[in-house]
Every structure is written in C-alpha cells, then in structure tokens.
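Using the working numbering, count along the sequence shown one by one with no gaps and you end on 569. Glycine residues also receive a C-beta, built at the ideal position from the N, C-alpha and C atoms. Quick caveat: nothing in here was measured; it's all calculated off a predicted structure.
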Amino acid sequence: MKELGTELYVHNSKWVCRTLYQLNPKEIPFLKKKWSKQELHIQQQRYKKELHVVQHFMKKLIQHMAGIPTLIITTDYQGYILDIYGDDSIREMIDSCNIKLGAKFDEKDVGTNSVSLSLEHQKPFAIIGTEHYHEYLSEVACYSTPIDFTNKGSLIGTVSIMTTVNFASNFHLGLLSSAVDTIEREIQLQEQNHTLHLLNQILIDSTPIGLIMTDQCGRMIEFNSSAESILELSKQSVIDNPTRLSTISEYIHYVLETGEIIENLELSFAPLKSDYDKRLLLDVLPLFDEREMIGAFAQFRDMTSYHDLQQQLINSEKLSAIGKLGAGLAHELRNPLTSIIGLTHLMKEQTGSNQYLPVIINELDRMKNLVNQFVAYGKPSKMQRGECNLSQLVHDTIDLMRNNACERNIKIHFEPENTTPVVHIDKNKIKQVLINFIKNACEAMPNGGNIKVKFDDNVENSMIRISIKDEGVGMTNEQLEQLGTLFFTTKETGLGMGLPICIDIIHSHDGKIEFDSEVGKGTEVHIFLPLYQERMDIL
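What follows is the structure, encoded as structure tokens:
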C-alpha cells in the first residue's frame, strides 16, 4: 500500500503536466536535455567512487531479484543519468524515450516520474503503470529513492529500479531503500577510511623519525620517507631485499619471536652510499590486535649530529681546560723568564764574547715569544679601531718583511688596486695577522721562491679580499680541515697558536679567512674584511 501523501504528490504532478506544461499524454515522452560526452565524462569521474559502490550493491540486488527483468538507473541531484545497466528488454522498451547516459529526467519533458518526485520531495517514490502521465509508460513500474553521495546532505542523487508492471511489487521499494541505506553507510565508511588514510600518511611522512611497520611474518607494510632519508634506502629496495636493513631487521624479528619491547637502543648503521656510519636510537614494539600479535613497529632517530656535537663539546672543554692551564702557567713563567733574559744580557756585556750566550739568548727569546702567545690567547683582545688605508698598511708590512724574505731568497710581489680601499680596523692587530701569514709563507719555501700579495674588492657583501700566495710544499685535505685547531701545526718547532689567534682577530673584525692549498703547488690564504662605509644618523 502506498505511503500516505504519495498519491497526492502524483496527482499534483499530473495536474502540472497537463495544465502548466500542456503535455499530450498520448505522445511518447522524450528526455530532451542531455550532457555532451565531455560533460558526462567529467561528472562520471566526479562520482567515480560512489558509482562503483552503488553498482557493486545494486548488482547483488539484481541477483536477489532473479527472473525479474530489472534496469538500474543512477542520477545526480539534477536528474542527469550517471549510470544505467541491467535487463536489455527494459532498455528496448524505453529506448525511444531517450533514457540514456547523460540525459536528464525533467517533469516538463517526461511527465510524472519517480526520479523527479524523489529529488523534489527527498523521499522514496513508486510510479507504477498508469500512474505515469504518459500512456506509453503504462507497462513500466519505476521505483526511486534519494541517495546522499556525501553523507552531508549537500549532494543528493537517486537510485532507481525499473521493471515491467506484471512484476510490480511494494516489496521492491523497501528493498531499494534498504540497499541505498547500505550504500550510504559504505560510502561514508570509505570516505572516513580515506580521510584517516590521508591523515595517517601526513603524520607518517611529516615526522623526522624513521618508521617501519611489518606484519607478523616480518614483511614490510610501512616505510616512511624519513626512514628512506636516514637509511639512504628506498622503500621498494627494502621490500625487494629486506637484508639491506641488516641489524634493524634482526631486532624486528627478535621482537616478533619474543613479543618483548626494545627501547632506546643505540646502534651503528652503515648506509651503502656513505663512507661513515650513522648512529641511530632505536625502539621496536610488538603490535597486537586484542591478544594476537599482528606485526612489529620500529622507530628510530638519526643521532649522528648529536654524537658529533657531543664529541666537539668534550674536545672544546678539553681545549678550554688546556688553555686556562697554559695561560696561568704562562703568567707564572713570564716573570722569572724576563729576569733570566735580563741577567743573560748583563752577563754578555760583562764577560764579552761568549759562543754560548747568543744561543742561550735566542732560545730564551723564543721561549718568551711562546709565553706571550699563550697570554695573548688566554685573555680577551681589546680592539682599537679606526679608519685605515689598507693598501698602505699592507705595503708597510711587506717592507717590514722584505729583509727577512731576502735572507731566505724569497721575493714578495705586491699588486695593489687602482682604488684606495678604506677599512675600519685595529691597525696593529691586522698587521700582526699579515706578518704571521707572510712569515708562514716564507717558512713554507725553505729553498726560496715568490710570494704574491694582491687585493680584490669585487666580492659580495661589501668585502675586500687580501690574498697571500706562496710556492711552498702545500697541504693535504686532512691538514686543511684541521687548520685553526688549537695546537695543530705543520711546523717542526711550532706551537699551533699563531693561526687560532689570527682567526680570532679577523672574526672580531666581522671578517673571515679561507685557504686554498695543494701538495707540491703551494698555499693561498684569503683574508676577507668589510669595507668601511660612513654611517649617517637620520634626523
């Protein structure tokens, strides 16, 4: 029996068709509006997942209606046909009505129909035989129910069953409504699963922690992008060859076999493309579904930088302790050393010529120089900056060093710029740096050679570069990496304190020092200093 009010809706629809649309009930109804092939393709792609679910359940429903000729029609919220399949005999019966993919069910074209009524009133409708406005459809029974494709009420369509009158039954509408309820729940579930999957992937791929998940047999289920980055392995390569995980796989299998938890385990991992081991902090946990183990979950972090920083901190503390000890010792030695040097000079004046006194005095002077370096490195440097013509300062420094260079059969060539670079520096400090590097260049060429000093003010960030190049023995890459480390030196009699002091001086001037060197071809030192720019106060 029909639902109360349905007959009234049908009656009103027929009145509209007759009075307003002036349709002829004896004519064959025809769906006039239709999408183009491109529009149909776009809409079918838009509803692709939903149509797949509808078709899956409705084909099962057709199986339950075995022996009953059935056609299934799915429309969007405007009545356009998105999908149509089922019994060919029903198709032939309605073919002349243009009920095809992309056509629109419209009351003013096809008269009273279940699709239009279901969309208009948002409820199931059955239009059987003569309840249709057109006599041509009197042998057809149609059942339609609205379907919410989004489960939000914002995008409604319909699913319809079409059969012949002799197979009409009120049971069909209830069966269709029940099927649509199931379809809506399935669509909602798939949407929720899709959303959860997206959130899961975002969380998994955005974390800096490497994540690995396996099933109970140890087969890979999840291997996130951070795991690929840390281990330098692609997910597919690990799936193809799980042994590439080496020790991590061993711990995963141990957890799968024992069910025990591994936490905060430090281990080394050697990536195939790297020439150093990485330090990892690993956790492995068993995964349970209620009481049954279904797999294992491993997470790990790259602690290599942390360990390197920790080692640097230890080395820094050692150097700091050595520096404080050396500075204190230097202060204690300087006073008696000064007295000894003074008395030695006095002995030389009183006793006249003595072949050992010059040697003693030279060695004592060298000791005094080393002590002074300790003291200079152990206390903060006081800067006395002022405007300076850098070209003139370099020229004066080279003149000071020429005699020492000539004694070693070394020539110093200076290439000043046409411009006169002005810098804001402590002249004495920078002069100390220049003397140190020119002296180092001389000592690197025991058999003589050339030293080239030049300017370059065409560098970035308003900097000027002073380059000092020698033709000495050069340095290896390992030696270059250690330059500037306290107490590291390539000289047999050096203490390794001159260069750290120079670097500190240049850094205090907001500059930097770079080195280019090759064994057998010499070394070039680049000193960068900011050019002086006169500052004006804005009133």
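Residue i to residue j span [Cα, whole Å]
i: Ala474; j: Tyr306; result: 33 Å
i: Trp65; j: Leu317; result: 52 Å
i: Leu131; j: Leu228; result: 33 Å
i: Asp139; j: Leu61; result: 6 Å
i: Ser144; j: Glu69; result: 24 Å
i: Phe558; j: Lys482; result: 16 Å
i: Gly502; j: Gly552; result: 4 Å
i: Glu169; j: Glu320; result: 57 Å
i: Asn419; j: Glu296; result: 57 Å
i: Ser43; j: Lys90; result: 33 Å
i: Arg565; j: Asp487; result: At Arg565 the pLDDT is 40, less than 50, meaning the model places this residue with poor confidence and gives no usable figure here.
i: Ile568; j: Lys441; result: At Ile568, the pLDDT of 35 sits below 50, so the modelled position is not reliable and the matter cannot be decided from this model.
i: Gly550; j: Gln422; result: 32 Å
i: Val555; j: Ile543; result: 7 Å
i: Thr427; j: Asn507; result: 30 Å
i: Gln74; j: Asn54; result: 33 Å
i: Leu311; j: Phe253; result: 17 Å
i: Ile371; j: Asn466; result: 24 Å
i: Lys265; j: Ile232; result: 17 Å
i: Gly240; j: Gln341; result: 24 Å
i: Phe330; j: Glu258; result: 12 Å
i: Glu548; j: Met505; result: 6 Å
i: Gly109; j: Leu147; result: 10 Å
i: Asn480; j: Glu437; result: 13 Å
i: Glu122; j: Leu226; result: 45 Å
i: Ile92; j: Ile103; result: 12 Å
i: Leu149; j: Ser190; result: 11 Å
i: Met88; j: Cys127; result: 23 Å
Residue nearest to residue i in terms of C-alpha spacing, selected from the options
i: Leu38; options: His151, Lys551 and Tyr107; result: His151
i: Pro476; options: Asn434, Thr160 and Ser264; result: Asn434
i: Thr277; options: Ser174, Arg309 and Glu290; result: Arg309
i: Gly478; options: Asn470, Ile191 and Lys484; result: Asn470
i: Val463; options: Glu445, Cys436, Asn480 and Gly541; result: Gly541
i: Lys153; options: Val268, Ser174 and Glu322; result: Ser174
i: Ile535; options: Lys457, Glu322 and Val189; result: Lys457
i: Gly289; options: Glu214, Ile324 and Thr273; result: Ile324
i: Gly97; options: Ser119, Phe444, Tyr107 and Thr105; result: Ser119
i: Thr105; options: His425, Thr188 and His71; result: Thr188
i: Gln414; options: Gly528, Ile344 and His539; result: His539
i: Tyr51; options: Glu137, Asp235, Asp429 and His86; result: Glu137
i: Gly159; options: Phe197, Thr212, Val424 and Phe179; result: Phe197
C-beta contact flag for residue i and residue j at 7 Å
i: Gly116; j: Cys47; result: no
i: Ala328; j: Val314; result: yes
i: Gln80; j: Ile251; result: One detail in the question is off: residue 80 reads as Glu in this sequence, not Gln. No.
i: Ala209; j: Thr193; result: no
i: His164; j: Pro59; result: yes
i: Tyr77; j: Leu101; result: no
i: Asp332; j: Ile260; result: yes
i: Ile494; j: Leu561; result: yes
i: His224; j: Gly248; result: no
i: Lys67; j: Lys134; result: no
i: Ala326; j: Thr237; result: no
i: Glu445; j: Lys484; result: yes
One or two residues paired with residue i in a DSSP bridge
i: Gly141; result: Answer by DSSP bridge pairing: none, since Gly141 is not bridged.
i: Cys172; result: Ile157 and Met192
i: Met243; result: Glu252 and Phe327
i: His454; result: Glu417
i: Gly187; result: Ile177
i: Ala133; result: Lys64
i: Pro560; result: Met493
i: Ile442; result: Ile481
i: Asp24; result: Lying before the first or after the last residue shown, residue 24 is absent from the chain, which here runs from 31 to 569.
i: Lys542; result: Phe558
i: Gly552; result: Glu548
i: Lys499; result: Lys482 and Glu554
Original post:
What are the start and end residues of each continuous beta strand (DSSP E) run of 3 or more residues lying completely inside the segment 466-493, in chain order?
Top reply: 479-486
**OP:** Counting only runs of 3+ residues fully inside the segment 98-130, write out the beta strand (DSSP E) ranges in chain order.
**Re:** 101-105 and 111-116
Subject >> Ordered list of alpha helix (DSSP H) runs contained in the segment 285-354, each at least 4 residues >> reply: Correct list: empty.
Subject >> Start-end ranges of the alpha helix (DSSP H) lying completely within the segment 71-98, minimum 4 residues >> reply: Entirely contained in the segment 71-98, the alpha helix (DSSP H) runs reaching 4 residues are, in chain order, 78-94.
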